[in-house]
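Engineer:
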Amino acid sequence: MIRIEQIISEYKSYHPDADVTPLQKAYILSARLLAQPGLVWASSVTEHLEVAQILVQLRLDVESIVAGLLYSTIKDKRTNLETLGLQIGEPTAKIIQALDELPGLMGDRETKEELALAMKSLVDAATKDPRVIFVKLAVRLVRLRHWSSLRGQKTRRFASETLEIFAPLAERLGLNHIKVELEDHCFALLNPKEFAEVQSMLAGKKELHQTLLDQVQGQLKEIIEAQGIKAEIFRRIKHCYSIHLKALKYKIRYEDVHDLLGLRVIVEDKDKAYQVLGLVHERFRLVEGRFKDYITYPKANGYQSLHTMVHNEDGVGFEVQIRTQEMHKIAEMGVAAHWAYKATLPNKNEKSANSLYWLNDLSKSLTIASDPKESLEIFTRELYSDLVYAFTPKGRIIKLPAGSTVLDFAYFVHSDLGNQCTGAKIDGKVFPIQHKLHHGDQVTILTEEHQQPAQAWLGYARTNRALSQIRQGLRKREYKEAQKLGREIFEEQVRRFEIQLEDFVNSVEFKKFLDKRN
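For the sequence shown, full-length UniProt numbering assigns the number 1 to the initial residue and increments by one for each residue that follows.
(1) With DSSP as the reference, label histidine 307 as helix, strand or coil.
(2) Using the beta-carbon count (16 or more within 10 Å), is lysine 373 buried or exposed?
(3) What span of residues does the beta strand (DSSP E) with residue 519 cover, start to end?
(4) Are glycine 68 and valine 132 close, meaning C-beta to C-beta below 8 Å?
(5) Identify whether aspartate 293 lies in helix, strand or coil by the three-state DSSP scheme.
(6) Can you tell me where the beta strand (DSSP E) holding alanine 231 begins and where it ends?
(7) What whole-angstrom Cβ distance do alanine 26 and leucine 55 have, given they're in contact under 8 Å?
(8) Taking only the alpha-carbon atoms, compute the straight-line gap between lysine 292 and leucine 306 and give it to the nearest angstrom.
(9) Count the CB pairs spanning the stretch 83 to 94 and the stretch 59 to 67 that are closer than 8 Å, and state whether there are at least three.
(10) Nearest CA to the CA of lysine 299: which residue from Gly289, Met327, Val280, Asn312?
(11) Going along the chain, which residues of its own chain have a beta-carbon closer than 8 Å to the beta-carbon of aspartate 129, five neighbours each way excluded?
(12) For alanine 42, does the three-state DSSP call read helix, strand or coil?
(13) Could you give the first and the last residue of the continuous beta strand (DSSP E) run that contains valine 430?
(14) Going by DSSP, name the residue or residues bridged to proline 401.
(15) With 16 as the cutoff for other CB atoms within 10 Å, does isoleucine 499 come out buried or exposed?
(16) Who are the Cβ neighbours of leucine 387 in its own chain at under 8 Å, not counting the five residues just before and after it?
(17) Consult DSSP for glutamate 319 and reduce its assignment to one of helix, strand or coil.
(18) Got a sec? Which residues, its chain only, sit under 8 Å from lysine 179 by beta carbon, not counting five neighbours each side?
(19) Give, in chain order, every unbroken run of the alpha helix (DSSP H) that is at least 4 residues long and sits entirely within the stretch 62 to 100.
(20) Return the CA-CA distance between lysine 429 and alanine 410, expressed in angstroms with no decimal places.
(21) How about aspartate 361 and asparagine 464: are their beta carbons less than 8 Å apart?
(22) Can you name, in chain order, every residue of its own chain whose Cβ lies under 7 Å from the Cβ of aspartate 108, other than the five neighbours on each side?
(23) What does the Cβ neighbour count give for tyrosine 11, buried or exposed, with the cut at 16 atoms within 10 Å?
(24) Does DSSP put arginine 264 in a helix, in a strand, or in coil?
(25) To the nearest angstrom, report how far apart tyrosine 14 and leucine 23 are at their CA atoms.
(26) Rounded to whole angstroms, what is the Cα-Cα separation between leucine 467 and threonine 79?
(27) Quick one, are the C-beta atoms of tyrosine 250 and isoleucine 243 less than 8 Å apart?
(28) Quick one: any contact between the stretch 264 to 278 and the stretch 199 to 218, if contact means 3 or more CB pairs under 8 Å?
(29) Alpha carbon to alpha carbon, how far is leucine 383 from leucine 122?
(30) Does the stretch 222 to 236 come into contact with the stretch 271 to 291, if we say contact requires no fewer than three beta-carbon pairs (one atom in each stretch) closer than 8 Å?
(31) Closer than 8 Å by C-beta to glycine 473: which residues in its own chain qualify, once you throw out the five before and the five after it? Chain order, please.
(32) Return the chain-ordered list of same chain residues with a C-beta closer than 7 Å to the C-beta of leucine 39, the five sequence neighbours on each side being excluded.
(33) For the alpha helix (DSSP H) containing isoleucine 330, list its first residue and its last residue.
(34) Check this for me: beta carbons of leucine 437 and lysine 120, under 8 Å apart or not?
(35) Pull up the distance between the alpha-carbon of asparagine 176 and that of valine 51, whole angstroms please.
(36) Measuring from the CB of leucine 99, is there a heavy atom of the ligand FAD at a distance below 7 Å?
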C-alpha cells in the first residue's frame, strides 16, 4: 500500500530543499474529504495516492502532485473551488477545476459530436496548463488498474476510448511507460482470451528468454568494455499488446515476433552511441531495413535513440537501442523531462514549453474543423504521426509529419505561401505540389500570384495546418461566389421591373423589409 511518506520522500529526492508542507496538508485534506459518504466509485484515498505517485515519478511540481491527491473532490461535490483555493492555493485549485470542467470521457460518449467536443476540451485545457493532461492520464491509468478485473459494456467503452485517445496521447507526450500500461490493461479488458494467450507464451518461454538475454547482454558488455566505453545495459521484453499487434500484422505466432527481445545501451554522449552501433553491427548480423536513426531524426514527441535489429549466431533476432543519458531521461519521462526537477511550470519561452507547441496547433485546427468527423481525423493524424525533416533555402529546419508534401511545407512556412503554391524546386529539380518530402530535402516553394486553393488540394495535404487553411480558403471562395451569384440573381429580378438597382436599395419599402428581417 502506498503511503504519503513515500511520495514525500520521492519528491524530496529531486527537490531536497523543498517545503513539503503542501503535500502533508493536501493528504490530510484528501483523507478528510474522501471519508465523507459519496456515490462516485473512485473515491478512496489509496487511489488518489496512486495518482500522486505517478505524478511524482514524472518529477512534476508540488502543485501537480497536490492536484493528484485531491483531483475528484470538486467533481464529487465534497468541496468547492473557492474553499479549495483558500486551503491549497489558487493555482492548484485551478488545475482541479480544469479537470472538473472536462467532459466525462468515461467511455460513455454516444456520438462523434460528443467525442469531438470532449477531445477539444481536453486539448484546450492542456494548452492553458499542460499539468492538466498529466493528471488526467494518471487518473485514467489508476482507474484502469482497478477496473482490469471487471467486465461490462461501460468498461469496454472506457477501454476502447483509452486505446483510441489516451494511449496515443501518452505516446505523443513521450510517456511510453504509461502508454504501455494503458494498452495492456485495455487489451486484457477487450480481448481477455488473446491477452491470456500472450501471457501464457511469455510465461512458458521465460527461462529461455532470460538465458538468451543473459548471453547477448554478456556479449555486448564484452565488446563495449574492450573499447573502454562506459555504458549501462538494460534488457526488455516486448509488452503484451505490442506482441499481439505485431502477430496480427505479420500473421505469425506470438512466439515468432521478431523483436520480442531487446537490449538498451546507455552511453555518455552521441559520438559514443554511434561508436557502439558500429560495434553491434560488427559483432552481430544486421537485419536489412531494420535500422532507424532517431538521433538525427527525432520522433515527434522528442524521442531520440538508435534502433537496430540483429541476429546472433543461432539466428535469434533481437533489437538493440542505443542512447545517451539525456535521451534516456526524455524517453522515460517525455515532455515532462524538460521541466523535471523544477519547482514550477516553465514559462512559455523555455524549451519545455516549446516542446508542447503542437497542442496549440492542434487546438487551432480543432476550432475551425467543419464537423466531428473532421475533428476526429485531425486528432488522430496529430497523435500518430512520425516526422520528416526538410530545409528552407536559408537552412531553417522544417519538421513535418512523415508523408507530408510540398503543399504542407508551403503552408507551414506561411498561409499565403501555401495559397499561392504551384510546386517546389528540390535539390535543383522541379516537383508538383503533391510530391512527398524526404529527410534532408532543401525546398524552394514556387508561387503564382493568382493561384488559389482547389478542392483537389485536400487530397494532397497531410498536415492539420495545411488542411485547415485549405478548407478555410475554399469556404471563403464559396462564400464570395455565392455572394456574386446572389447579387446577379437579385439584379436580374430588379431589372425585370425596369427599376434601377440603386433606387430599389435606397427605397423606403426595401429598408422596412431589411429592418423586419433583422
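Beta carbons are placed, not taken as given, at the ideal position from N, Cα and C, and that holds for glycine. All values reported here derive from a predicted model rather than from experimental measurement.
Structural biologist: Reading from the atomic positions:
(1) Correct three-state label for histidine 307: strand.
(2) By the neighbour-count definition (other C-beta atoms within 10 Å, threshold 16), lysine 373 is an exposed residue.
(3) Only positions 1 to 518 of the chain appear in this structure, which leaves residue 519 out of reach.
(4) Their beta carbons are not under 8 Å apart, which means glycine 68 does not touch valine 132 by this criterion.
(5) If DSSP states are grouped into helix, strand and coil, aspartate 293 belongs with the strands.
(6) 231 to 237 is the span of the beta strand (DSSP E), which, as asked, contains alanine 231.
(7) Under the criterion of beta carbons closer than 8 Å, alanine 26 and leucine 55 do not qualify as touching, at roughly 12 Å.
(8) C-alpha separation (whole angstroms): 6 Å.
(9) The stretch 83 to 94 and the stretch 59 to 67 touch, with no fewer than 3 CB-CB distances between them shorter than 8 Å.
(10) Checked all of Gly289, Met327, Val280, Asn312; the closest Cα to lysine 299 is Met327.
(11) Within the same chain, Lys94, Ile95, Ala98, Leu345 come within 8 Å of aspartate 129 by CB-CB distance, once the 5 residues on both sides are set aside.
(12) Below a pLDDT of 50, predicted positions are generally treated as unreliable, and alanine 42, at 43, falls in that range; the measurement from the model is reported next regardless. In the displayed model, alanine 42 falls within coil according to three-state DSSP, outside both helix and strand.
(13) 429 to 431 is the extent of the beta strand (DSSP E) around valine 430.
(14) Residue pairing from DSSP places proline 401 in a beta bridge opposite Leu387.
(15) With fewer than 16 Cβ atoms within 10 Å of its Cβ, isoleucine 499 is classed as exposed.
(16) Apart from the 5 residues on each side of it in sequence, leucine 387 sits with its Cβ closer than 8 Å to the Cβ of Tyr297, Pro298, Lys299, Ala300, Lys399, Leu400, Pro401, Ala402 in its chain, given in chain order.
(17) In the three-state reduction of the DSSP assignment, glutamate 319 falls in the strand class.
(18) If we look at lysine 179 and ignore the five residues flanking it on each side, its Cβ neighbours are Ala167, Pro168, Ala170, Glu171.
(19) The alpha helix (DSSP H) runs lying completely inside the stretch 62 to 100 and spanning 4 residues or more are 62 to 69, 81 to 88, given in chain order.
(20) Roughly 17 Å between the two C-alpha positions.
(21) Judged by their CB atoms, aspartate 361 and asparagine 464 are nearer to each other than the 8 Å cut-off.
(22) Residue placement at aspartate 108 is poorly supported in this model, since its pLDDT is 49, which falls under 50; the coordinates still yield a value, given next. So the list reads Lys154, Arg157, once near-sequence residues are dropped.
(23) Counting Cβ neighbours within 10 Å, tyrosine 11 comes out buried, since at least 16 surround it.
(24) Strand, per DSSP.
(25) Rounded to whole angstroms, tyrosine 14 to leucine 23 spans 15 Å at the Cα level.
(26) If you take the alpha carbons of leucine 467 and threonine 79, they lie about 44 Å apart.
(27) Result no, Cβ atoms of tyrosine 250 and isoleucine 243 do not sit closer than 8 Å.
(28) As far as the Cβ criterion goes, the stretch 264 to 278 does not touch the stretch 199 to 218, which means the pair count is below three.
(29) Here the alpha carbon of leucine 383 sits roughly 14 Å from the alpha carbon of leucine 122.
(30) Using a Cβ-Cβ distance cut-off of 8 Å, the stretch 222 to 236 and the stretch 271 to 291 are in contact, since at least three pairs of beta carbons, one from each stretch, lie closer than that value.
(31) Hits under 8 Å: Asn419, Gln452, Pro453.
(32) Because the pLDDT of leucine 39 is 43, which lies under 50, any placement of that residue in the model is unreliable, and the question is left without a value.
(33) Note, isoleucine 330: alpha helix (DSSP H), 325 to 333.
(34) No, these two residues do not count as a Cβ contact at 8 Å.
(35) So the two alpha carbons sit approximately 17 Å from each other.
(36) Here there are no bound small molecules, and the ligand FAD is not part of this structure.
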